[in-house]
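S.K.:
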Amino acid sequence: SAMVQCPMISVAFDKYDKILILTANSNTLKPQKDVLLNQCGFDVDDMRFVIYGCQNVPGFDAVAKGDKVDVEYVTPGVIHMTKDILKKEPSIRAICLECTELPPYADALRKETGLPVFDAITCADFFISARKDNPRFGLNQWHNDWDGEANEYEFGAHLTAEQRARLRNLA
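Per the numbering used here, the sequence shown starts with residue 205, numbered consecutively.
#1: Thinking just about the alpha-carbon of each residue, which of L290, V282, E293 and S333 is nearest to the one in D311?
#2: Measure the alpha-carbon distance for G377 versus E276 and round it to whole angstroms.
#3: Let me check understanding here. Comparing Cα to Cα, which of N242, V267 and T286 lies closest to I255?
#4: Quick one: residues in its chain with C-beta nearer than 6 Å to the C-beta of A328, no 5 flanking neighbours on either side, listed in chain order?
#5: Roughly how many whole angstroms lie between the Cα atoms of A324 and T317?
#6: Cα-Cα, which of A228, N260 and I223 is closest to D247?
#7: For P320, which residues in the same chain have their Cβ closer than 6 Å to its Cβ, ignoring the five residues on either side in sequence?
#8: Where are the beta strand (DSSP E) runs, 3 residues long or more, that stay fully inside the stretch 224-266, in chain order?
#9: Check whether the stretch 216-235 touches the stretch 334-345, counting contact only when three or more Cβ pairs, one atom from each stretch, lie closer than 8 Å.
#10: Report buried or exposed for I332, applying the criterion of at least 16 other Cβ atoms within 10 angstroms of its Cβ.
#11: Are the CB atoms of G257 and P211 within a distance shorter than 9 Å?
#12: With A369 as the anchor, note down where its alpha helix (DSSP H) starts and where it stops.
#13: When you compare each of C303, K292, V278 and E353 to N231 by their alpha carbons, which one comes out closest?
#14: Short of 7 Å in beta carbon distance, which residues of its chain neighbour Y220, apart from the five on each side in sequence? Order them along the chain.
#15: Between D250 and K237, what straight-line distance do the alpha-carbon atoms span, to the nearest angstrom?
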C-alpha cells in the first residue's frame with residue numbers, strides 16, 4: 205500500500221505541515237482505520253493528514269463501477285479539485301495517492317502543484333532501490349547480468365507441509 209510511506213513523509217516536514225491523502229472514495233478509507241494503523245502505521249485521525257476522495261471528480265465514478273477510467277478526461281478534474289484543496293489548506297506540503305487508480309495523475313499533480321507526490325509506484329521504487337547497485341559510490345557492478353530466464357517456481361513449493369495444509373481450500 206502507498207500508505208506505508210505516510211509515516212516517513214510526515215516526519216520529513218515540520219510538525220505543523222500537512223499531507224494531502226487522495227483516495228478513490230473518502231467514505232471507504234476511514235472505515236479501514238484499524239487496518240491502516242496496524243499494517244501501515246497510518247492514523248486516519250492524525251490531523252496532519254488531510255483526506256479527500258476523488259468520487260466527485262467527473263469521470264472518476266468509473267472506478268466504483270469497475271469500468272476503465274478515461275485518464276485524459278479525468279486529469280483536469282483531479283488537478284482542479286487538488287488546487288481547490290490547496291487553497292483551503294495552504295500548509296499542505298506533500299500529496300500521497302492512496303488508490304492504485306491514481307498514479308496516472310501523479311506527474312500532472314507534480315507539475316501543477318510543485319509538490320512531491322507519493323503513490324504505489326514511488327513506494328515500489330523505494331523498496332526496489334534498496335536492493336539495487338548504487339553507481340555513485342561503493343562496490344559497483346556487483347549484480348550479475350540477468351540472463352532473461354525466469355527461475356522455475358511452483359506455487360507453494362517453499363512452504364512446509366503444515367503451511368500447505370492451512371492453505372488448502374476446504375470448501
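Positions of the beta carbon are idealized from the N, C-alpha and C atoms, including for glycine.
Model, not experiment: these values are computed from the prediction.
M.R.: Once the coordinates are examined:
#1: Counting from 1 along the sequence shown, the entry for residue 311 is found at position 107. Looking at the Cα atoms, V282 is the closest of the given residues.
#2: Absent from the structure is residue 377, since the part of the chain shown begins at 205 and ends at 375.
#3: As a working mapping, residue 255 is identified with position 51 in the sequence shown. Answer by Cα proximity: T286.
#4: Walking along the sequence shown from the start, residue 328 turns up at place 124. Within the same chain, no residue comes within 6 Å of A328 by CB-CB distance, once the 5 residues on both sides are set aside.
#5: Here residue 324 refers to the residue found at position 120 when the sequence shown is read from its first residue. Here residue 317 refers to the residue found at position 113 when the sequence shown is read from its first residue. Their backbone Cα atoms lie some 19 Å apart in a straight line.
#6: Your numbering for residue 247 matches position 43 in the sequence shown. Residue I223 is the option with its Cα nearest to D247.
#7: Along the sequence shown, one-based indexing puts residue 320 at 116. Hits under 6 Å: A298.
#8: Those beta strand (DSSP E) runs which fall completely within the stretch 224-266 and span 3+ residues are 253-257.
#9: Output reads no: the stretch 334-345 does not touch the stretch 216-235.
#10: As a first step, residue 332 must be located in the sequence shown, where it is residue number 128. I332 is exposed by the Cβ-count criterion.
#11: Along the sequence shown, one-based indexing puts residue 211 at 7. Along the sequence shown, one-based indexing puts residue 257 at 53. Going by C-beta atoms, P211 is not nearer than 9 Å to G257.
#12: As a working mapping, residue 369 is identified with position 165 in the sequence shown. Its alpha helix (DSSP H) spans residues A365 to L371.
#13: Along the sequence shown, read from residue 1 onward, the residue named residue 231 stands at position 27. N231 has its Cα closest to that of C303, out of C303, K292, V278 and E353.
#14: Here residue 220 refers to the residue found at position 16 when the sequence shown is read from its first residue. The beta carbon of Y220 sits closer than 7 Å to those of S295, all from its chain and outside the five residues before and after it, given in chain order.
#15: Here the question's residue 250 lines up with position 46 in the sequence shown. Here the question's residue 237 lines up with position 33 in the sequence shown. In a straight line, the C-alpha of D250 is about 11 Å away from that of K237.
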